[in-house]
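Structure first, then comments.
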Amino acid sequence: MSRYAEDDDDRPRRRRRGARDVPCPKCGSEYSFPGLWPWYLGTVGLMFCRAVVCADCGHEFDAKKPSADLPTRKRNLAIGINGCGLLGILAVFGLLALWLTLTMKR
Ligand SMILES: [Zn+2]
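This is the structure in structure tokens:
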């Protein structure tokens with residue numbers, strides 16, 4: 001009698017660890033968990049960056065661009081997005097200043 005028969009399970013073995021996703025650039029694992037949302041990038045950031053954490057080696061990367069270095073990418077996006085916001089604010093202040101100088105000129 002062999003106890004091997006107990007293991008006679010021909011269904012494909014599936015170890016569910018996180019969701020099947022973009023392969024990890026570091027170890028090639030296809031399993032990852034959603035990482036921390038870079039809140040400082042706002043909803044705009046969600047369109048460009050989706051942080052995921054590899055279930056095997058714990059490497060954190062961007063599912064939208066796995067080859068990129070995530071901290072660098074986050075920083076660049078933060079600068080880009082906040083820079084645009086800052087430019088918008090500066091434009092408003094600039095127009096306000098222009099309007100003030102024009103109305104005060106008399
Ligand atoms: Zn990995």
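Residues in the sequence shown are numbered from 1 upward in steps of one, following UniProt numbering. All C-beta atoms, glycine included, are put in the ideal place defined by N, C-alpha and C.
{"Check": "Quick one, which of Pro23, Cys27, Cys54 has its alpha-carbon nearest Pro34's?", "Outcome": "Cys54"}
{"Check": "Between Cys49 and the rest of its own chain, which residues show a CB-CB distance below 7 Å, the 5 nearest in sequence each way excluded?", "Outcome": "Pro38, Leu41, Asp62, Lys64, Arg73, Lys74, Leu77"}
{"Check": "In chain order, what residues place their C-beta within less than 6 Å of a heavy atom belonging to ligand 2?", "Outcome": "No copy of ligand 2 occurs in the structure displayed; its ligands are ligand 1 alone."}
{"Check": "If you draw a straight line from the alpha carbon of Met47 to that of Tyr31, how long is it in whole angstroms?", "Outcome": "21 Å"}
{"Check": "Do Val22 and Ile81 come within 7 Å of each other at the CB atom, strictly closer than that value?", "Outcome": "no"}
{"Check": "Go ahead and pull the three-state DSSP assignment for Cys49.", "Outcome": "coil"}
{"Check": "Helix, strand or coil for Pro34, going by three-state DSSP, please let me know.", "Outcome": "strand"}
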